[in-house]
Amino acid sequence: MAVPIEMPKLSDTMEEGVLSAWLVDEGEEVSSGDVLAQVETDKATMDLEAFDEGVLLKQVIAEGDAVPIGELIAVIGEEGEDISDLVGEAGGDGAAT
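Residue numbering for the sequence shown follows this note's numbering, beginning at 5 and increasing consecutively.
Take a look at the structure:
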């Protein structure tokens with residue numbers, strides 16, 4: 005089952021984050037605890053870790069994009085899994101690669 009990864013709230017004052025770098029490419033396997041990306045908050049740059057295992061199926065936002073807390077930024081699941089419902093709900097065409 006596909007797991008949506010949303011922009012987390014990484015500080016008490018954070019309202020949005022900037023995805024500064026993807027550290028895992030689409031199609032790569034990830035394990036719980038792997039660092040997926042780096043996110044710039046209003047105070048620091050922090051690591052965004054995976055909490056599930058699977059394949060990074062989609063990078064929904066591109067590096068440098070600022071997104072509000074709770075917005076879909078990626079999807080983890082099983083290779084070949086249909087994620088069109090998740091990505092369609094986010095209204096995004098995907099990250100520029």
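Backbone N, C-alpha and C define an ideal beta-carbon position, used for all residues, glycine too.
Own chain residues within Cβ distance below 8 Å of residue i, not counting five before or after
| i | result |
| --- | --- |
| E19 | D46, P72, I73 |
Residue i (DSSP reduced to helix, strand or coil)
| i | result |
| --- | --- |
| L90 | helix |
| I80 | strand |
| V64 | coil |
| T49 | strand |
Cutoff 6 Å; reference residue i; Cβ partners in own chain excluding five residues on either side
| i | result |
| --- | --- |
| L14 | T45, M50 |
| A70 | E20, V22 |
Proximity to residue i [Cα-Cα], best of the options
| i | options | result |
| --- | --- | --- |
| V7 | D86, G31, I80 | I80 |
| L60 | A25, E82, D86, L23 | E82 |
| Q63 | L76, D56, G84 | L76 |
| F55 | G68, L40, A48 | L40 |
Contacts around residue i, its chain only, beta-carbon distance under 7 Å, and the 5 residues preceding and following it disregarded
| i | result |
| --- | --- |
| D97 | For D97, the predicted structure reports a pLDDT of 48, less than 50, and the residue's modelled location is therefore unreliable. A value from the coordinates is still provided. Nothing meets the Cβ criterion. |
Endpoints, beta strand (DSSP E) assigned at residue i
| i | result |
| --- | --- |
| E19 | Segment: none, E19 is in no beta strand (DSSP E) and carries neither H nor E. |
| G74 | Note, G74: premise wrong, no beta strand (DSSP E); not H, not E. |
| E44 | 39–44 |
Buried versus exposed call for residue i [16 or more other C-beta atoms within 10 Å across all chains shown]
| i | result |
| --- | --- |
| G31 | exposed |
| G58 | buried |
| L52 | buried |
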